[in-house]
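Take the sequence shown: its letter number 115 is residue 115 in the UniProt record's numbering, and every next letter is one higher. Heads up: the structure comes next, in structure tokens.
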Amino acid sequence: MSDFLVIVESPAKAKTIERYLGKKYKVKASMGHIRDLPKSQMGVDVENHFDPKYITIRGKGPVLKELKTAAKKAKKIFLAADPDREGEAIAWHLAHSLDLDVSSECRVVFNEITKEAIKESFKHPRAINMDLVDSQQARRILDRLVGYNISPLLWKKVKKGLSAGRVQSVAVRLIIEREQEIERFEPEEYWTIAADFLKKNEQFSGLFYGRDQKKLDLKNEIEVKSIMNQIKGKNFTVQSVSKKERKRNPAPPFITSSLQQEAARKLNFRAKKTMMLAQQLYEGIDLGKDGTVGLITYMRTDSTRISETAQNEVSDYINQTYGKDFVSEIKRKDKKNSNTQDAHEAIRPTSTLREPSSLKAYLSRDQLRLYKLIWERFVASHMAYAVMDTMSVDLVNEGIIFRATGSKVKFPGFMKVYVEGNDDNEEEKDKMLPDLQEGDKIISKDIEPKQHFTQPPPRYTEARLVKTLEELGIGRPSTYAPTLDTIQKRGYVSLDNKRFIPTELGGIVLELILEFFPEILDVEFTAKMENSLDEIEEGNVEWVKILDEFYRDFEKRLEIAENEMKEVEIKDEPAGEDCEACNNPMVFKMGRYGKFMACSNFPECRNTKAIVKDIGVQCPKCEKGNIIERKSKKRRIFYGCDQFPGCDFLSWDKPIARKCPKCEKMLVEKKLKKGLQVQCVECDYKEETQK
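Right, dumping it as structure tokens:
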């Protein structure tokens with residue numbers, strides 16, 4: 001018989017913790033929540049102070065029975081669910097199911113699964129924090145009131161399988177409003193004039209800046225011709241040289257939202273995948289003779305706080321690996337905003353000494369890539385700032401000014417380890433200028449005007465959308481990944497080239513919610529509700545009061561919507577071809593994985609077809625079929641012959657409709673970080689990269 005029973009959520013975590021605690025402790029997993037609101041009904045007694053009706057989750061009976069049996073044999077029970085609202089609620093439900101006193105010291109929390117952190121946490125058990133529990137209950141009940149009241153209306157008026165939620169509805173609204181901005185956008189013409197200059201054998205480039213000491217924007221070709229006519233000959237004079245030193249500070253360590261954004265930019269991970277991999281790294285990985293070890297701290301956090309022990313360790317590591325000059329002299333301050341919970345630390349490696357290269361044999365490729373990203377960001381955040389030498393030179397000819405700029409890294413500092421990404425995938429590189437002095441005579445080698453047009457705002461990527469939701473105070477770190485997943489599964493948006501595009505269905509649902517439940521889509525209202533949930537967590541307000549204030553108006557709107565919301569018929573779009581099985585017209589349908597073709601004679605005929613895109617290239621293998629765009633099970637685009645399975649031609653790179661001028665073989669478009677490059681599949685022929 002074990003003296004102590006410890007209950008955690010997952011088996012992986014249980015295995016790691018049991019090894020640290022020793023023989024007197026038996027560690028079991030609850031596999032997440034044991035109790036929840038029923039799926040088949042609202043489960044909330046609105047008339048009786050929003051009293052929730054909790055039931056044992058279907059399929060969890062055997063797990064609960066096993067926990068009850070183990071609990072009877074133990075002298076003391078500890079509840080060690082995750083250190084957040086959800087974890088506190090899981091512990092509370094377990095206490096209820098196992099007849100534990102919630103005011104007893106049964107709750108244990110830790111931010112990292114390491115031997116030291118686990119042993120220390122068991123020295124300081126506490127009672128279950130009911131403020132945290134009430135905050136989670138309020139969120140759960142609030143989402144149930146919204147979802148289980150609006151969703152049936154949408155089923156009745158639009159189609160089955162739809163849903164509405166506070167965070168997901170705002171996310172869809174942002175995507176649709178961005179699409180409307182793009183549609184309304186009217187491009188404006190503007191021009192640039194680029195010049196290549198030569199000083200002896202050193203070439204550098206500059207751009208037109210202005211005329212007669214004033215900055216000038218070129219709006220049309222007439223203005224450009226006026227500038228070009230004023231330039232006389234090829235001789236320019238260096239009018240001014242400005243040299244400055246610029247400091248660049250490292251990014252702070254990751255919080256949940258910034259991890260999701262950076263993993264999307266640098267690793268091409270979806271938010272859902274990032275959180276799944278982070279969970280695995282947190283719960284523990286088998287490191288051979290070292291056993292199972294938690295490699296990162298808790299991954300659901302919005303605080304950049306770092307423990308003093310971890311700061312000392314990383315500073316020592318930087319000093320020993322890169323030298324004293326690379327250690328930050330400034331004590332890093334945590335950036336906090338009004339939404340920060342600060343319940344635990346930022347996301348960091350549990351030990352800086354565990355370098356990514358040392359874990360290659362134990363981690364999957366994607367686990368290693370994510371760990372490396374977290375490790376590098378954390379180490380860089382405690383390194384000295386980088387120092388950049390910048391140079392700006394104005395060159396003049398008959399009053400026409402061109403400006404050349406350059407910069408180089410004088411001291412790399414944190415950039416030695418890691419540089420934060422951006423949504424435009426632009427990297428800062430050394431751009432050197434020759435040694436120039438005022439009065440120097442410079443020759444212009446080439447001057448070229450170019451016409452441009454302003455571009456509409458970009459569609460949201462996952463990274464951009466997460467960043468926007470966070471800035472607006474919508475949702476919390478743990479909600480972003482499931483929210484983005486839900487709006488795609490419901491068919492409200494689709495992903496094209498990693499960017500969100502709203503569907504017709506998404507527009508219809510948004511319009512109905514906006515008409516009858518405007519507060520659900522109101523960004524300020526949703527952000528205010530998040531703050532109210534935080535106030536409950538702090539113990540400053542009662543959760544029933546917050547729900548009551550919301551429901552009074554919501555109930556009235558429900559009644560109006562029930563009576564006045566009109567039914568919407570979504571007509572199937574003709575596919576332009578007939579069914580091979582029954583000759584009836586095929587139509588486009590929206591499924592879980594996007595559009596597909598189905599017979600309009602459904603349910604009598606159940607024939608369906610995937611939508612294929614012919615790229616207009618003949619198959620180079622069989623020379624009979626055409627190359628079409630396909631999607632793998634993981635939704636990755638590839639290219640194959642339309643005569644499959646008769647022809648098994650396959651390419652991950654897009655073939656193009658011309659042959660290699662060198663060997664007459666197939667040319668493909670290869671996606672590189674810099675852009676697209678046309679390459680031959682056989683020889684070394686390559687064309688210039690297009691951005």
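Ideal Cβ placement from N, Cα and C applies to all residues, glycine included. All of these numbers come straight from a predicted model, not from anything done at the bench.
Asked	Found
Residue of C605, E604, R636 and C641 minimising C-alpha distance to G616	C641
Which residues DSSP lists as bridging L495, in chain order	F500
Same chain only: Cβ atoms within 7 Å of K159, ignoring 5 sequence neighbours per side	I570
Coarse secondary structure for Y639, derived from DSSP in three states	strand
Test item: CB-CB of V108 and F78 under 8 Å	yes
Whole-angstrom distance between L547 and F525, CA atom to CA atom	14 Å
Spatial neighbours of K441 in its chain, beta-carbon cut-off 7 Å, leaving aside the 5 residues before and after	N235 and T237
From K431, G59, S600 and V544, residue whose alpha carbon lies closest to that of N584	S600
Where N337 falls, given that 16 or more other Cβ within 10 Å makes a residue buried	The predicted model places N337 with a pLDDT of 46, which falls under 50 and marks its position as unreliable, so this point remains unresolved.
DSSP-derived helix/strand/coil call for P356	helix
K336 in three-state terms, based on DSSP	Confidence in K336 is poor, its pLDDT being 48 and thus under 50, which makes the residue's placement too unreliable to answer from.
Segment limits, beta strand (DSSP E) that includes T237	N235 to R248
G413 versus M388: straight-line alpha-carbon distance, rounded	10 Å
Q260 versus T503: straight-line alpha-carbon distance, rounded	24 Å
The alpha helix (DSSP H) enclosing D534, as first and last residue numbers	V523 to E537
The alpha helix (DSSP H) enclosing M130, as first and last residue numbers	M130 to K157
Helix, strand or coil at R658 according to DSSP, with G and I counted as helix	strand
Buried or exposed (CB count within 10 angstroms, at least 16 for buried), I443	exposed
Span separating the alpha-carbon of R166 from that of L521	7 Å
Rounded straight-line distance, which links the Cα of K545 to that of E555	15 Å
Minimum length 3: unbroken beta strand (DSSP E) runs contained in the region 559-625	573-578, 585-591, 594-599 and 613-618
Those runs of the alpha helix (DSSP H) which lie wholly inside the UniProt domain "Toprim" (3-121) and span at least 4 residues	11-21, 61-73, 85-97 and 115-121
Whole-angstrom distance between T479 and L281, CA atom to CA atom	20 Å
Buried versus exposed, by CB contacts within 10 Å (16 or more), C579	buried
Delimiting residues of the alpha helix (DSSP H) encompassing K266	T256 to L267
Nearest neighbour of E245, chosen from M391, K624 and R658 [CA to CA]	M391
Of the listed residues S258, R348, I560 and M276, nearest to E470 (C-alpha basis)	S258
Cut-off 8 Å between Cβ atoms - residues of its own chain near Y362, not counting five sequence neighbours on either side	I285, D286, L287 and G288
Three-state secondary structure assigned by DSSP to V681	coil
Pair within 8 Å by beta-carbon distance, I222 and I400	no
Nonlocal neighbours in the same chain, by C-beta distance under 6 Å from V541, ignoring five residues either side	E535
Exposed unless 16 or more other CB atoms sit within 10 angstroms - verdict on K60	buried
Run of the beta strand (DSSP E) containing P449, from where it starts to where it stops	K441 to F453
Reference V327, options S381, E420, E345 and Q367, closest by Cα	S381
Three CB pairs or more closer than 8 Å across the region 299-316 and the region 402-422	no
Meets three-Cβ-pair contact criterion under 8 Å: the region 110-119 and the region 15-23	yes
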